[in-house]
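For reference, the structure discussed in these notes is given below.
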């Protein structure tokens, strides 16, 4: 199981791709590029690359106000956040209270909103914030609500991120707007684009995509002047959108819920040397979204 530096658990999180992404950076001489993710979520891969000095600066973006509030709290109110991690009861009544806070979405108090996202992420099945609590409301399951809430480890993770705060930029923009703004900067950037899943996005993410969102994103990615990598779930509709770019299928180990090896799509900008696990070229599919 890959070790993630993020306090968040994410279905389909990309920490397992650290070695492959680091190799892309080194083989393509991109070490002096910023590393930027328009759909950062837990940001585990970005943090791993920063800590290992494969990049000097990371830019993380998430449109979800609760996830952004958590990142803001880590960088700006770290002591308060760590206090809540160490002192908040991990109980079903507290789960209901944190869920109500998350659903209210009051971004005027970012520490409270951000902590609610962290609490639900660590106490819900597979880290799905919209999902149900580990062990069920009656707490009769084999695993209970606190089994993924290691207070000491979580506090260590958020404190370590804070120590790198001068090298971390956060924002809460639409993903396409983030790509446009950061691509226009003078500093060279490597984009890692990991959008909401095509097939199961609505059940996993607060900000899931409709079909047209996937189409519009493909157009924005195609317009980038900086190098990029893009990963998606393995859907022919998505393969059709990126068929004019180098396109592959690769294997990835999922650690959420039932541990298994899955297959995802990888598209890249022209000219990048890549070597993801068990990577094979994709032939042009017959069906496309557009």
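In my numbering, the protein residues as written are 17 to 306.
Glycine included, each C-beta is placed from N, C-alpha and C at the ideal position.
Small disclaimer: the values here were computed from a predicted structure and weren't measured.
So, are the CB atoms of residue i and residue j less than 7 Å apart?
{"i": "residue 127", "j": "residue 89", "result": "yes"}
{"i": "residue 151", "j": "residue 157", "result": "yes"}
{"i": "residue 49", "j": "residue 205", "result": "yes"}
{"i": "residue 52", "j": "residue 207", "result": "yes"}
{"i": "residue 23", "j": "residue 269", "result": "no"}
{"i": "residue 209", "j": "residue 255", "result": "no"}
{"i": "residue 77", "j": "residue 187", "result": "yes"}
{"i": "residue 284", "j": "residue 245", "result": "yes"}
{"i": "residue 266", "j": "residue 294", "result": "yes"}
{"i": "residue 5", "j": "residue 86", "result": "No answer is possible for residue 5: the residues shown for the chain start at 17 and end at 306."}
If you draw a straight line from the alpha carbon of residue i to that of residue j, how long is it in whole angstroms?
{"i": "residue 247", "j": "residue 234", "result": "12 Å"}
{"i": "residue 198", "j": "residue 62", "result": "16 Å"}
{"i": "residue 19", "j": "residue 169", "result": "12 Å"}
{"i": "residue 292", "j": "residue 154", "result": "42 Å"}
{"i": "residue 138", "j": "residue 280", "result": "25 Å"}
{"i": "residue 133", "j": "residue 122", "result": "12 Å"}
{"i": "residue 31", "j": "residue 183", "result": "19 Å"}
{"i": "residue 74", "j": "residue 66", "result": "7 Å"}
{"i": "residue 140", "j": "residue 161", "result": "7 Å"}
{"i": "residue 242", "j": "residue 251", "result": "25 Å"}
{"i": "residue 25", "j": "residue 203", "result": "31 Å"}
{"i": "residue 82", "j": "residue 107", "result": "21 Å"}
{"i": "residue 179", "j": "residue 94", "result": "10 Å"}
{"i": "residue 196", "j": "residue 164", "result": "37 Å"}
{"i": "residue 69", "j": "residue 110", "result": "39 Å"}
{"i": "residue 214", "j": "residue 225", "result": "7 Å"}
{"i": "residue 43", "j": "residue 289", "result": "7 Å"}
{"i": "residue 287", "j": "residue 262", "result": "9 Å"}
{"i": "residue 228", "j": "residue 212", "result": "13 Å"}
{"i": "residue 124", "j": "residue 142", "result": "28 Å"}
{"i": "residue 260", "j": "residue 231", "result": "14 Å"}
{"i": "residue 79", "j": "residue 189", "result": "5 Å"}
Leaving out the 5 sequence neighbours to the left and right, which residues in its chain are closer than 6 Å to residue i when beta-carbon positions are compared?
{"i": "residue 96", "result": "127"}
{"i": "residue 191", "result": "54, 55"}
{"i": "residue 236", "result": "192, 195"}
{"i": "residue 71", "result": "51, 65"}
{"i": "residue 277", "result": "267, 269"}
{"i": "residue 273", "result": "Low confidence applies here, because residue 273 scores a pLDDT of 49, under 50, leaving its location unreliable and the question unanswered by this model."}
By the DSSP assignment, the alpha helix (DSSP H) with residue i in it spans what residues?
{"i": "residue 194", "result": "191-199"}
{"i": "residue 167", "result": "167-179"}
{"i": "residue 10", "result": "With the chain running from 17 to 306 in the structure shown, residue 10 is simply not present."}
{"i": "residue 86", "result": "81-92"}
{"i": "residue 50", "result": "Taken as a continuous stretch (DSSP letters only), residue 50 belongs to no alpha helix (DSSP H), being part of the beta strand (DSSP E) at 50-53."}
{"i": "residue 118", "result": "108-120"}
{"i": "residue 151", "result": "First-last for residue 151: undefined, no H or E at that position."}
{"i": "residue 255", "result": "252-257"}
Where do the ends of the beta strand (DSSP E) carrying residue i lie?
{"i": "residue 41", "result": "Note, residue 41: premise wrong, no beta strand (DSSP E); alpha helix (DSSP H) at 34-43."}
{"i": "residue 186", "result": "184-187"}
{"i": "residue 75", "result": "74-77"}
{"i": "residue 248", "result": "244-249"}
Can you name, in chain order, every residue of its own chain whose Cβ lies under 7 Å from the Cβ of residue i, other than the five neighbours on each side?
{"i": "residue 171", "result": "98, 101, 102"}
{"i": "residue 114", "result": "132, 135, 136"}
To which residues of the same chain is residue i closer than 8 Å at the C-beta, ignoring the five residues directly before and after it?
{"i": "residue 21", "result": "31, 60, 63, 64, 67, 173, 176, 177"}
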